[in-house]
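Peer 1:
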Amino acid sequence: MADAGNWCLIESDPGVFTEMIRGFGVKGVEVEELLALDPSFYTEMEPIHGLIFLFKYTASQRPEGIASPAEPIFFAQQVIQNACATQALVNILLNIDDVSSKHIQLGETLTEFKEFCGEFDPASRGLCLSNSEPIRTVHNSFARQQLFELDMKGGKEEDNYHFVCYLPINGKIYELDGLQEAPYMVGEVLEGVNWMEIVAPVIQKKMQSHSDGEIHFNLMAVVGDKKEKYQRRLDEIVNSGMETEDVAAEVCELTQHIADEEEKTRKHKIENVRRRHNYLPLIVEMLRTLAREGKLVPLVEQALESAEKKRKTREGSEKAKAKV
């Protein structure tokens, strides 16, 4: 992959992705974690503009569907390491259609980016994305601060995780994977059918491909800004001048929803501050203090003994299961 400056690994968390969207200058959308692909769960999230899927990547995996290089889709390939999260998010935001984008504003950064490289091929778009200073700055604002770097060469090989996105475009559903050369069409949106019903089996199949019982995936939805949606409805009611018990109840409910969304935003901001904070100096100073007071070695020995007991207990449980 090309070298276009360092891109950090970021956490797959809706609070992180929503703040990235705000950092790009986009208004009218946010990101929510999707805990189930059941209609009873995701219907309340509507409108859903796209899905971001994180999974454990292996080189043997192949994309589902039909390669569609000629379709009028904004698709940028991944040409830089660790950029797949932003790649997936930008690919969704720049493909939201005019009907769905009634309450969405892309903002200056993404509008200029799309205008500049909209006619390029996917690889060139990916290179432009990797070299976009405003986009990279927002992405890297979630880098964890470090006091020092560890040389991990020769250590245990880490699992590789990758982000792809799914979204409806012109009546079809596509998987946009930055590691592929083109979008892949994975289904068609039938009349009267929610596109989520079509894409759900595709994602479930990918989840089921991990047969070792571990959780290797995370699913998030790019949805309309809930607070704005509730506020628009509240404004409609207030402007209508209607005063009934049902209207009063709805006003009360909407007011509570708005307060809940404001509290959610507040918590996301606090968590993101914690993610960015460098705790290593505090930890190092605590270790130094414990060492000066002669408490460090006994605590380490105690921790090692506890870890050994847990290991033996775990091995005993595994042997017992094997005999059954």
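Going letter by letter, the sequence shown gives residues 1 to 324 in UniProt numbering.
Backbone N, C-alpha and C fix where the C-beta goes; we use that ideal spot for every residue, glycine too.
1) Shortest alpha-carbon distance to residue 333 belongs to which of Asn-170, Arg-136, Phe-24?
2) Can you list, in chain order, the residues of its chain whose CB lies under 8 Å from that of Thr-58, leaving out five sequence neighbours each side?
3) Whole angstroms is fine: what's the gap from Asn-82's alpha carbon to His-139's?
4) Within 10 angstroms of its Cβ, does Thr-289 collect 16 or more other Cβ (buried), or is it exposed?
5) Is it buried or exposed for Val-202, if we count other Cβ within 10 angstroms and need 16 for buried?
6) In the stretch 106 to 138, which residue ranges form an unbroken alpha helix (DSSP H) of at least 4 residues, counting only runs that do not cross its ends?
7) Do you know offhand how far Lys-114's Cα is from Phe-120's?
8) Taking the C-alpha atoms as reference points, what is the distance between Glu-149 and Leu-280?
9) Looking at the structure shown, is Tyr-230 part of a helix, part of a strand, or coil, going by DSSP?
10) Determine contact between the stretch 131 to 138 and the stretch 244 to 260, defined as no fewer than three beta-carbon pairs at a distance below 8 Å.
11) Can you tell me which residues form a DSSP beta bridge with Gly-25?
12) Between the stretch 24 to 41 and the stretch 213 to 228, do at least 3 Cβ pairs fall closer than 8 Å?
13) Could I get the ranges of all uninterrupted alpha helix (DSSP H) runs contained in the stretch 223 to 301, with 4 residues as the minimum, in chain order?
14) Do you know whose CA, among Arg-232, Glu-71, Leu-110, lies nearest Glu-181's CA?
15) Rounded to the nearest angstrom, how far is the Cβ of Leu-51 from that of Val-186, given a contact under 8 Å?
16) Put Phe-17 into one of helix, strand or coil per three-state DSSP.
17) Do you know offhand how far residue 344's Cα is from Phe-55's?
18) So, under 8 Å CB-CB, Asp-177 and Val-164 are touching, yes? Tell me the CB distance rounded to an integer number of Å.
19) Based on the DSSP secondary-structure assignment, which residues constitute the bridge partners of Pro-168?
20) Going by C-alpha distance, which of His-277, Asn-6, Glu-236 is nearest Cys-84?
21) Just verifying my parser: in three-state terms, what is the DSSP assignment at Leu-316?
22) Among Gly-23, Gly-25, Phe-24, Glu-46, which one has its Cα closest to the Cα of Leu-34?
23) Measure the CB-CB distance between Tyr-174 and Ser-68 and report whether it falls below 8 Å.
24) I need the straight-line Cα distance from Ile-48 to Lys-229, nearest angstrom please.
25) So Ile-198 is in the alpha helix (DSSP H); what residue range does that whole segment cover?
26) Name, in chain order, the residues that DSSP records as bridge partners for Glu-33.
27) If we call anything under 8 Å between Cβ atoms a contact, is Phe-17 one with Leu-89?
28) Please tell me whether Asn-239 and Gly-15 are closer than 8 Å, where the distance is taken between their beta carbons.
29) Using a Cβ-Cβ cutoff of less than 8 Å, which residues in the same chain neighbour Phe-116 once the five nearest sequence positions on both sides are dropped?
30) Shortest alpha-carbon distance to Arg-62 belongs to which of Val-247, His-103, Pro-39, Leu-179?
31) Taking 8 Å as the limit between beta carbons, can you name the residues of its chain near Glu-261, skipping five residues before and five after?
32) Just curious, the beta strand (DSSP E) that Phe-53 is in, first and last residue?
33) When we look at the beta-carbon of Leu-190 and count the other beta-carbons within 10 Å, is it buried (16 or more) or exposed?
Peer 2: Considering the structure as presented:
1) Outside the displayed span of the chain (1 to 324) sits residue 333, for which this structure offers no information.
2) Asn-160
3) 10 Å
4) exposed
5) buried
6) 107 to 117, 122 to 130
7) 10 Å
8) Confidence at Glu-149 is low in this model, with a pLDDT of 43, below 50, so its placement is unreliable and the value that follows should be read with caution. Their Cα atoms are separated by approximately 12 Å.
9) helix
10) no
11) According to DSSP, Gly-25 bridges with nothing at all.
12) yes
13) 226 to 240, 245 to 276, 280 to 292
14) Glu-71
15) At roughly 11 Å, the Cβ-Cβ gap does not stay under 8 Å, so Leu-51 and Val-186 are not in contact.
16) helix
17) Coverage of the chain is limited to positions 1 through 324, which leaves residue 344 absent and any answer about it impossible.
18) 4 Å
19) Ile-173
20) Asn-6
21) Reading the sequence as shown, one finds Gly at residue 316 and not Leu. Gly-316: helix per DSSP, three-state reduction.
22) Glu-46
23) yes
24) 13 Å
25) 195 to 208
26) Met-220
27) yes
28) no
29) Cys-128
30) Leu-179
31) Lys-226, Lys-227, Tyr-230
32) 48 to 56
33) exposed
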